[in-house]
Amino acid sequence: MRYPMIAVALVSSGALAVAGCGGSSKKSASSPASTPAPAPTTTSAAPPAAGAASLTIGETEYKLTPSQGNAKAGSVTITAKNSGAIVHSLEVQGNGVTQKTGNIQAGSSATLKVNLKPGTYQMFCPIDGHRALGMKGTIVVK
């Protein structure tokens with residue numbers, strides 16, 4: 208009877224040894240991942256063109272984009288694009304100039320042709336206090 212007990216003990220020990228040597232499909236917690244994290248990306252708006260003969264100003268609730276435009280002295284075409292949900296307008300004032308678009312419906316655009324001398328001009332939405340809510344900016348003319 209001793210031989211069967213020894214045989215059972217040897218078979219059991221061998222089975223445990225084989226199971227302990229088996230591979231695992233999971234990586235060990237002690238080996239860190241070798242794939243580096245992707246670098247964060249940033250998006251920045253392009254600066255306004257220096258001395259442009261035309262400007263495009265985006266209008267939304269209650270912001271002008273860009274809030275500062277640059278233009279060359281002379282005839283400047285300003286396009287106001289209303290990307291907001293309500294009616295807006297655009298007015299340019301300064302250096303003896305006061306010009307504005309009519310009402311611009313949501314999703315529409317309007318154009319102003321303005322003769323500008325060197326200096327700084329104010330631009331804003333003149334509708335229902337929109338200027339006080341932040342729809343304002345400047346145009347610097349050189």
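Numbers 208 to 349, taken from the working numbering, label the letters of the sequence shown in order. Beta carbons are placed, not taken as given, at the ideal position from N, Cα and C, and that holds for glycine. Everything numeric in this text was worked out from a predicted model, so none of it was measured.
#1: Give, in chain order, every unbroken run of the beta strand (DSSP E) that is at least 3 residues long and sits entirely within the region 276-337.
#2: Counting only the same chain and skipping the five closest in sequence on each side, list residues whose C-beta sits under 7 Å from that of Thr267.
#3: DSSP three-state label for Ala253, please.
#4: Among Gln329, Thr318, Lys324, Gly341, whose alpha-carbon lies nearest the alpha-carbon of Gln300?
#5: For Gly309, count neighbouring Cβ atoms within 10 angstroms of its own Cβ and tell me buried if that reaches 16, exposed if not.
#6: Expressed to the nearest angstrom, what Euclidean distance is found between the alpha-carbon atoms of Lys279 and Lys320?
#7: What distance in whole Å lies between the Cβ atoms of Thr272 and Gly265, which are believed to be in contact at a cut-off of 8 Å?
#8: Quick check on Ser237: buried or exposed, where buried means 16 or more other Cβ atoms within 10 Å of its Cβ?
According to the structure shown:
#1: Runs found: 281-289, 298-301, 304-307, 316-323, 326-331.
#2: Spatial neighbours of Thr267 in its own chain (CB-CB distance under 7 Å, excluding positions within 5 residues in sequence) are listed in chain order as Ser290, Gly291.
#3: Any reading at Ala253 is ruled out, since the residue's pLDDT is 41, under 50, leaving its predicted position unreliable.
#4: Relative to Gln300, the option among Gln329, Thr318, Lys324, Gly341 whose CA is nearest is Gln329.
#5: Gly309 is classed as exposed because its beta carbon has fewer than 16 other beta carbons within 10 Å across all chains shown.
#6: For Lys279 and Lys320, the gap between their C-alpha atoms comes out near 13 Å.
#7: Approximately 4 Å separates the beta-carbon atoms of Gly265 and Thr272; this is inside 8 Å, confirming the contact.
#8: Only weak support exists for where Ser237 lies, its pLDDT of 47 falling under 50; the value from the coordinates is given anyway. Exposed, by the Cβ-count rule.
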